[in-house]
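Shown next, in structure tokens, is the structure this report addresses.
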Amino acid sequence: MVAVSLDGNRKMYRFNRQGAVECLYFEGTFIAKDTDVEGFVQRIRDKVKPAPGHPSCGKSNFKAGREATRKSEARLDEEGMMTSVCRHCILFSGLNMFRGEIFAYPLYLQQDLGKEHKIEFVCTDVMLMHAKGHSTKCEVEWSGRNQEGAGLTVGEEVEAVNSYLSRVATTTKYMSKARRTDMITIHARGWNLRKKQNLHRYLSQRYVKTKKRTDEMDKDIQNLQTKLQTTEEGMKQWVKEVEEWAASSPKSTNCQDQQGLQRVMEGLALKIKQRKIELYRTIDNNKDRKPKRDIIAKNKRKLEEAIAVYNNLVPDTEAVDTADAVLSQDFPIWPWDSASTVPLETKKMAFDKVMLLSRLREEDGILIRDEEPLPLPDRIFQSCAKRDPAD
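Heads up: the sequence shown begins at 67 in this note's numbering, then just goes up one per residue.
Pasting the structure below:
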């Protein structure tokens, strides 16, 4: 199995209900037992000292990635549910969340799945924020498209399942614990059954589209080589240079290293230009554009700070122009560049195309392998077949 996606759904909550304790028909079939999950979480807390605040990556914080959090004071029992699905949106397992999306929950699902399946990638929601939500450095290093062997695995396949389960939650939030567990398990079985029946058609269509995209991207790269007057080896060298640039870029602009500041300024200028292009290409209303404009303005202030720090370290003859002057150029010319230097924007464009072509070719082989019998979560089918809730 190539990849499994894990994510939480806060819409799958349930209100507290008082009454007789009912027995479960499908205890532990799809949704893990609460006692097992709580015991695992406690073992993690005993071995790992929780860090206060939110986990950080650079200067970014994640509210959804806390190591420890208090239980909600609302009139809720379960605060949501975390599920795991394969790259074809087939449900494997889930658990009830009682303290938000803490790191211990995906760890439990990961070790539970590792006992039954051979998994190459585990995609969590917090990890995927590196793809487009962070700096160019993070995107190059951690984006799913740049991970060797991932194919076209999006990593957000669980969102398709959440859109279905969220509709189920409109009624299960008023049920008792036992009835909610049984109802969600039955719906998960129905979802998997429909996916299993249509899987052959889905894989065939995806294979045809992948072959078509591979041919188109191959021609696109050849045209780019002709336009830039380079060769295949030259583009591979650019890919290597972009990876080295990302690996050597510092996390903060408050450093006194000239070369580090140079890479920071190059990355900020490139990210701002990319966000400006995406502003009208992917967003169709002004309400959604405002947060993106705020991010662009924030990155521009960071660029101005980096330029000010760098200009204090170098002579006036090697100083960088203002941020507005740098961003007004299609391909900024930096003082440390020579006449033969290829702009970072050009290298990044070639890097993206080469990475996409590599993932398309990997996807071709993955789909051929997936046409063999998949290790579907048969325990859901078997447990549901053993006992009918109507009995």
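Every residue gets a Cβ at the ideal spot worked out from N, C-alpha and C, and that includes glycine. Note that the structure is a prediction, hence the values are computed from the model and not measured.
Spatial neighbours of residue i in its chain, beta-carbon cut-off 8 Å, leaving aside the 5 residues before and after
i	result
ILE343	none
GLN324	TYR376, LEU379, VAL380
GLY215	VAL68, GLU186, PHE187, GLU428
Whole-angstrom distance between residue j and residue i, CA atom to CA atom
i	j	result
ALA389	MET331	9 Å
MET163	SER150	13 Å
GLY105	LEU379	55 Å
ASP14	PHE169	In the structure as shown, the chain starts at 67 and stops at 457, and residue 14 therefore has no counterpart that could be examined.
ASP73	GLU309	29 Å
GLU145	GLN271	38 Å
LYS125	PRO316	Any reading at LYS125 needs caution, since the residue's pLDDT is 48, under 50, leaving its predicted position unreliable; the model's value is listed next. When rounded, the distance between both Cα atoms is 12 Å.
PRO455	LYS356	Residue placement at PRO455 is flagged as unreliable, the pLDDT there being 44, under the threshold of 50; the coordinate-derived value follows with that caveat. Approximately 50 Å between the Cα atoms of the pair.
LEU460	ALA226	In the structure as shown, the chain starts at 67 and stops at 457, and residue 460 therefore has no counterpart that could be examined.
TYR174	MET148	10 Å
ILE110	GLY94	21 Å
ILE432	LEU218	9 Å
LEU265	ASN258	10 Å
ASN351	ALA335	25 Å
ASP457	TYR91	Caution applies to ASP457, whose pLDDT of 45 falls short of 50 and renders its modelled position unreliable; the value that the coordinates give is listed next. Cα to Cα, the separation comes out at about 10 Å.
LYS203	ASP436	33 Å
THR348	GLU282	22 Å
SER341	GLN288	Contrary to the premise, residue 341 reads as Arg rather than Ser in this sequence. Roughly 27 Å separates the two Cα atoms.
GLN291	GLN263	44 Å
GLU186	ASP100	27 Å
Nonlocal neighbours in the same chain, by C-beta distance under 6 Å from residue i, ignoring five residues either side
i	result
LYS261	ILE156
PRO409	PHE397
ILE97	GLY160, THR247
VAL234	HIS253
ILE434	none
ARG279	LEU426
GLN176	VAL188
THR190	LEU72, PRO172
MET249	THR238
DSSP three-state assignment for residue i, whether helix, strand or coil
i	result
ASP354	helix
ALA385	coil
PRO330	Strictly speaking, residue 330 in this sequence is Val, with Pro absent from that position. DSSP places VAL330 in helix when its eight states are reduced to three.
ASP281	helix
VAL70	strand
VAL460	A question about residue 460 goes unanswered here, because the residues of the chain that appear run from 67 up to 457.
ASN82	coil
GLY94	coil
THR149	strand
GLY256	helix
GLY160	strand
Contacting residues, own chain, Cβ-Cβ under 7 Å from residue i (five flanking each side not counted)
i	result
SER223	Going by the sequence as given, residue 223 is Glu instead of Ser. Excluding positions up to five away in sequence, the list reads SER71, VAL151, ARG153, CYS155.
VAL141	The sequence shown places Arg at residue 141, rather than the Val named in the question. Answer for ARG141: PHE81, ASN82, listed in chain order.
PHE417	TRP304, VAL305, VAL308
Selected residue, minimal CA-CA separation from residue i, among the options
i	options	result
ARG246	ALA416, SER201, CYS89, ILE434	CYS89
VAL107	GLY94, TYR171, GLU225, TYR79	TYR171
GLU299	GLU384, LYS275, PHE169, VAL420	VAL420
SER404	LYS414, GLU384, ASP418	GLU384
ARG255	SER242, TYR230, TYR240, GLN395	TYR230
TYR79	LEU269, THR237, ASP354	THR237
ASN468	SER406, ARG76, ASP387, GLN395	With the chain running from 67 to 457 in the structure shown, residue 468 is simply not present.
LEU179	ASP143, VAL68, TRP400	VAL68
LEU294	ASP143, PHE158, THR412	THR412
SER394	ALA416, GLU186, LYS366	LYS366
LYS337	THR251, MET415, VAL220, GLN325	MET415
TYR376	GLY326, TYR240, ALA363	GLY326
TRP400	SER209, LYS353, ARG329, SER242	ARG329
ALA313	ASP430, GLU182, SER201, VAL103	SER201
LEU269	SER232, LYS243, ASP430	ASP430
GLU370	TYR346, LYS339, VAL392	VAL392
TYR240	ASP143, VAL386, GLY333, THR297	ASP143
Short CB-CB distance (under 8 Å) between residue i and chain B
i	result
VAL392	The chain labelled as chain B is not found in the depicted structure, where only one protein chain is given.
### Query
Going along the chain, which unbroken runs of the alpha helix (DSSP H) with 4 or more residues stay wholly within the segment 178 to 241?
Counting only runs of 4 or more, we get 191 to 194, 202 to 208, 224 to 238.
### Task
Would you list, in sequence order, the uninterrupted alpha helix (DSSP H) runs of no fewer than 4 residues that lie entirely inside the segment 259 to 303?
Listed in chain order, there is nothing to give.
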